[in-house]
Amino acid sequence: MFLFFCFLDLFNFFYCLINCIIKMMKSKVIATKFDSFEKAISRIFEEAKLKEVLKGKNRVILKPNLTTNLPYPITTDPQFVESLVKVLLGFFGGEILICEGSGGCDTKKAFQDLGYEGISRKWKIKTLDLNREERIKFENKNALKLKEVWLPKILFDSYLISLPVPKEHGEAIFTGALKNQFGIYLSKNFVKEYDKEKLEKKGIFVAKEIWEKGWNKGELHFLGVQETIFDLNLYRKPDFVVCDGRFGVKGGELRGERFEIGKIFASFDPVALDSHLAKIFGFDWREIKYLTLSNKVLGKAEDFEVKIV
14 MFLFFCFLDL FNFFYCLINC IIKMMKSKVI ATKFDSFEKA ISRIFEEAKL
64 KEVLKGKNRV ILKPNLTTNL PYPITTDPQF VESLVKVLLG FFGGEILICE
114 GSGGCDTKKA FQDLGYEGIS RKWKIKTLDL NREERIKFEN KNALKLKEVW
164 LPKILFDSYL ISLPVPKEHG EAIFTGALKN QFGIYLSKNF VKEYDKEKLE
214 KKGIFVAKEI WEKGWNKGEL HFLGVQETIF DLNLYRKPDF VVCDGRFGVK
264 GGELRGERFE IGKIFASFDP VALDSHLAKI FGFDWREIKY LTLSNKVLGK
314 AEDFEVKIV
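Quick note: to get the numbering used here, add 13 to the position in the sequence shown (first position is 1).
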């Protein structure tokens, strides 16, 4: 009998230990009601212990969604980004960069038109066009479409914070943190000059007026949006995500209608965050292929904690 109770105690010990480990490994989505950017961001950073996370880091990259030069909520609000920079500068002494590779216009135009150059001057931080950055080659046999890819070198020695906007999307169904990684890609041999014959030989059929607006992510649409979202995050997913969810966009990623959500969201797990946001939009994550592909590979699309702060 004594041995039985010893065994039972040992079993309970290991059961509790395993549950503690599982709980520690459990993904978490942080949500806070919007009152002001600085207050909401400060609460999120405190809950995420971001000050401790960034100790010893030399560079932080902030990656907004500037797919084009249309204003918020189609693109990331510069006021949100400026507030985040201000809070970050309160405890982080390393380099801060705002980086994007726009697909619908020249990135420099998006930075200028949307007010990011003003943030750069005011806070003495740089904006960087990822479409013009030095790239290095990666290969991954587990990628579905992008078995070989060239990505900006700077992403791989920096702490990457993604700043997406939540929207419905014609091809992706929902766009948030994971699809925001489209900005790190550049179609092979992309040139600004339009060469219809050359493009069509590569299987890319696009009108001149669209191409000249900067359609440099076009290859991803032909390869498959769902699969390439997964692939790009397989190579480089964000380290942390902060999503301005005051409003979402329904009915299309560029010309949809805004609807109020009223919260700021964050997570170290972009899969959990996108799954949670997709649910707010009325989608089951299982309906979205890139989330089913990413679940248990890049993060958790279910069985995650939602912490309100």
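By construction, the Cβ of each residue, glycine as well, lies at the ideal position given by its N, Cα and C atoms. All values derive from a computational prediction rather than experimental measurement.
Here A314 carries a coil assignment [DSSP, helix/strand/coil]. In the DSSP assignment, S280 is bridged to V42, V254. As DSSP reads the structure, L199 sits in no beta bridge. A distance below 6 Å between beta-carbons, with the five flanking residues on each side excluded, links F281 to the following residues of its chain, in chain order: F253. Here R299 is exposed: its Cβ has fewer than 16 other Cβ atoms, across all protein chains shown, within 10 Å. Apart from sequence neighbours up to five positions away, the residues of its chain that approach K46 with a beta-carbon distance below 7 Å are G275, K276, ordered along the chain. The beta carbon of V100 sits closer than 8 Å to the beta carbons of E51, I54, S55, F58 from its chain, once the five residues preceding and following it are set aside; these are given in chain order. Residues G265, E266 of the same chain have their beta carbon placed closer than 7 Å to that of G183, with the five preceding and five following residues left out of the count.
Under the 10 Å beta carbon count, L102 is surrounded by fewer than 16 other beta carbons and is classified as exposed. Around L236, the same chain offers K158 as residues with beta carbons nearer than 6 Å, after the five sequence neighbours per side are excluded. In the three-state scheme derived from DSSP, where H, G and I count as helix and E and B as strand, L245 is classed as helix.
Counting C-beta atoms within 10 angstroms of its own C-beta, E232 has 16 or more neighbours from the protein chains shown and is therefore classed as buried.
Residue pairing for I293: DSSP places it in no beta bridge. In this structure, W163 sits away from I186, with a CB-CB distance that is not shorter than 8 Å. Residue N153 holds the alpha-carbon nearest to the alpha-carbon of D244 among R271, G312, N153.
Counting along the chain, no beta strand (DSSP E) covers E147, and no H or E run does either.
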